[in-house]
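Take 1 as the starting number for the sequence shown in the numbering used here and just add one per residue.
Built from N, CA and C at the ideal position, the CB exists for glycine as well.
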Amino acid sequence: MGQELDTSEFRDEDYEAFGQRLRAETDLVETWEQQGALSNGPATAGFELEAWLVGPNMHPVPQNDAFIKALDSPLVVPELSCFNVEFNGDPAELTGGALSDLHADLAGLWDRAVDAAAKMDLKLAMIGILPTVKGTDLCTENMSAGQRYKALNEQVFRLRKGKPIKLDIEGREHLVSDHMDVMLEAAATSFQIHLKVPNGRGVDYYNASKLASAPLVAVSANSPYLFGRDLWAESRIPLFEQAVSVGDWDYEERVTFGVRFIEKSLSEVFLANRQRYPILLPHVTDREAEKLDHFRLQNGTIWRWNRPLVGWDEDGTPHFRLEQRVVPAGPTIADSMANSAFYYGLVTYLANADTRPHKRAQFFTTRDNFYLAARDGLGAVIRWDHQDGKPMRQLIQEVFLPMAEEGLQSLNVDPADIHRYLGIIRGRAETGQNGATWQRAFVRTHGASMEEMLEAYMARQQTDTPVHEWPL
Numbered sequence: 001m002g003q004e005l006d007t008s009e010f011r012d013e014d015y016e017a018f019g020q021r022l023r024a025e026t027d028l029v030e031t032w033e034q035q036g037a038l039s040n041g042p043a044t045a046g047f048e049l050e051a052w053l054v055g056p057n058m059h060p061v062p063q064n065d066a067f068i069k070a071l072d073s074p075l076v077v078p079e080l081s082c083f084n085v086e087f088n089g090d091p092a093e094l095t096g097g098a099l100s101d102l103h104a105d106l107a108g109l110w111d112r113a114v115d116a117a118a119k120m121d122l123k124l125a126m127i128g129i130l131p132t133v134k135g136t137d138l139c140t141e142n143m144s145a146g147q148r149y150k151a152l153n154e155q156v157f158r159l160r161k162g163k164p165i166k167l168d169i170e171g172r173e174h175l176v177s178d179h180m181d182v183m184l185e186a187a188a189t190s191f192q193i194h195l196k197v198p199n200g201r202g203v204d205y206y207n208a209s210k211l212a213s214a215p216l217v218a219v220s221a222n223s224p225y226l227f228g229r230d231l232w233a234e235s236r237i238p239l240f241e242q243a244v245s246v247g248d249w250d251y252e253e254r255v256t257f258g259v260r261f262i263e264k265s266l267s268e269v270f271l272a273n274r275q276r277y278p279i280l281l282p283h284v285t286d287r288e289a290e291k292l293d294h295f296r297l298q299n300g301t302i303w304r305w306n307r308p309l310v311g312w313d314e315d316g317t318p319h320f321r322l323e324q325r326v327v328p329a330g331p332t333i334a335d336s337m338a339n340s341a342f343y344y345g346l347v348t349y350l351a352n353a354d355t356r357p358h359k360r361a362q363f364f365t366t367r368d369n370f371y372l373a374a375r376d377g378l379g380a381v382i383r384w385d386h387q388d389g390k391p392m393r394q395l396i397q398e399v400f401l402p403m404a405e406e407g408l409q410s411l412n413v414d415p416a417d418i419h420r421y422l423g424i425i426r427g428r429a430e431t432g433q434n435g436a437t438w439q440r441a442f443v444r445t446h447g448a449s450m451e452e453m454l455e456a457y458m459a460r461q462q463t464d465t466p467v468h469e470w471p472l
C-alpha cells in the first residue's frame, strides 16, 4: 500500500525541504553501496498479491475496509480502490522447500479470506484485470480512505496541468477513453515478486531481471479484456503505463521499462529518481536520514516494471531487493508460485552465468521483447541472443526453462519443488494455455459474457488447479 500521509495539501517549501532530504538520503544509499555496508545475507523471497472483491453478479464491490476489519490479518491491507486488497507474504530464505512453504502460507491466508468474504456475500478474484469492471466503477468515490491516495490523484493532475488521462490501447480490438482521475490504475492487479539481491551484485541482478521480463510476462499473461474489449494478452501493461502518465518524454514516465541497462551500481536508478522525476508527494518527516523516508516515498511513486527497493534485515542491516512487477495476479496460487519459481531461477541463472547475457544483450531489443511478449503472450516471437525471431513457446521450453532449473538448483531449492513449479510453466508452454488464452478461448467457445466467463474462471481458481489444466 505504501507510506500513509497526514495531508494531501503541500506548499512550495514542502517541495524544497523534501528535495533536500531526498538528496541526502540518496547520497547515503550510494555510500552504503560503495562501502559494502549492505546485507550479504542469503537470497530471500517475498511477494504481494493484489485481489478483487466481487459480488454475486460478478461485478466489483467497494467494501475493502469492512472486509479487512472482518479478516483481521496484518498481512492483508487496502489498495487504491475500495474493491481491491493486497495480500503480503512473510519473507523466506530461498532454499530447500521455501516455495512449497510460501504456497502453503498463502493458500491458508487465501482460504481464510475467502471465508471472510463469503460471510459478506462476496467472493475474491485474483486476475490481472477484472473483465467485468466498468469505467464508471473507476471513480474517486470508490477510492480507498487515506490521504496518500487523495494526494496521489491531485499531484498527478497537477503535473498534467489538469489534462484528462487518455487511454489508448490497440490490440485485437481498439480502446480509447478519457478519465479525470488516477483510478484507472486500480483496474490493474498484479503478483509482485520480491528477491533480495546479494551485496555488490545489484547491476547483474537488475539487468538480468529486465532480461527475464519478456518470457515471464508471456507465460503469465492473464489480462486480455478491459471494458469488454479484447486487447493485449497482458493489457495491464499499457493500462498501468497510461493510467499515471505525467511526462512528455520517456525519461519522465512514472511507469516504465526504463531507458537502458545500468552499468556500475543500483544507485544509478536512485539517482535518476532524484534528477529526472518531479517530486510527486512532498511529505516531509523529521526522522533521521537512515530511515530513508523521503527516498522510499519518491521511489514508491515511480512504478518501474523492475523496481529496486531498499529494506532492512531483522538485525537492522540495509539491503537491496528487486520487485518484479510484470506478473499479473492469478489465475491460481499454484500458478503464482510457478511464476515465482520461474523468475527466481531465471534471474539467478542470468545474473551468474559466465557469459553474463545482459552484457551481450542490446537494451532496446530487450525492451521490444518485453512489449511484444505483453501484447502477444505465448504467441509472441522475440529475438534472443542476437538470433532472428523465435517463437516464445519454443524459447521457454528449450532455453528459459533449462536456465531456470539450473538457477534454482544453484540455490539448493528442493528438487521436488523445482519439478512441481517449473512443470507448471512447461505445461503452459506445451499446451499454449495460460490465463489470457483460457479467457479468450472460453468466451469464443461459449459465446460467453464477461460475467459468465469470470464465474467459470473463479470456480476453477478455487480448486488451485494450474491454468494449463483447466477445461473450457
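Endpoints, beta strand (DSSP E) assigned at residue i
i, result
"residue 177", "174-179"
"residue 166", "165-170"
"residue 288", "No beta strand (DSSP E) contains residue 288, which DSSP labels as neither H nor E."
"residue 234", "Neither: residue 234 is in no beta strand (DSSP E) and is coded neither H nor E."
"residue 52", "44-54"
"residue 83", "Element bounds for residue 83: n/a, residue is neither H nor E."
"residue 424", "Premise fails: residue 424 lies in the alpha helix (DSSP H), 415-431, not in any beta strand (DSSP E)."
Simplified DSSP assignment, three categories, for residue i
i, result
"residue 340", "helix"
"residue 88", "strand"
"residue 306", "strand"
"residue 74", "coil"
"residue 382", "strand"
"residue 124", "strand"
"residue 462", "coil"
"residue 93", "strand"
Close-in-space but distant-in-sequence residues of the same chain around residue i (CB under 6 Å, 5 per side omitted)
i, result
"residue 166", "178"
"residue 116", "70, 71"
"residue 339", "220, 327"
"residue 171", "231, 232"
"residue 125", "52, 54, 458"
Euclidean distance between Cα positions of residue i and residue j
i, j, result
"residue 148", "residue 176", "28 Å"
"residue 391", "residue 403", "17 Å"
"residue 415", "residue 409", "8 Å"
"residue 242", "residue 425", "29 Å"
"residue 375", "residue 381", "11 Å"
"residue 268", "residue 13", "27 Å"
"residue 413", "residue 298", "35 Å"
"residue 304", "residue 257", "6 Å"
"residue 43", "residue 309", "15 Å"
"residue 191", "residue 15", "33 Å"
"residue 212", "residue 270", "21 Å"
"residue 181", "residue 141", "11 Å"
"residue 371", "residue 237", "8 Å"
"residue 239", "residue 255", "10 Å"
"residue 17", "residue 284", "7 Å"
"residue 161", "residue 420", "51 Å"
"residue 189", "residue 169", "17 Å"
Neighbourhood of residue i by C-beta distance below 8 Å, restricted to the same chain and skipping five residues each side
i, result
"residue 76", "68, 85, 86, 87, 88, 109, 113"
"residue 395", "215, 382, 384"
Spatially closest choice to residue i from the options, by CA coordinates
i, options, result
"residue 281", "289, 287, 271, 294", "294"
"residue 202", "59, 265, 450", "265"
"residue 45", "349, 90, 209, 278", "90"
"residue 47", "274, 154, 17, 344", "344"
"residue 24", "329, 153, 472, 290", "290"
"residue 435", "169, 174, 131", "131"
"residue 433", "453, 368, 218", "218"
"residue 337", "81, 103, 51, 18", "103"
Nonlocal neighbours in the same chain, by C-beta distance under 7 Å from residue i, ignoring five residues either side
i, result
"residue 1", "Note that residue 1 scores 44 on pLDDT, short of 50, meaning its location in the model is unreliable; the coordinates nonetheless yield the value given after this. Contacts found: 77, 78, 79, 86."
"residue 459", "none"
"residue 206", "262, 266, 306, 308, 322"
"residue 455", "58"
Span of the alpha helix (DSSP H) around residue i
i, result
"residue 102", "98-118"
"residue 215", "202-220"
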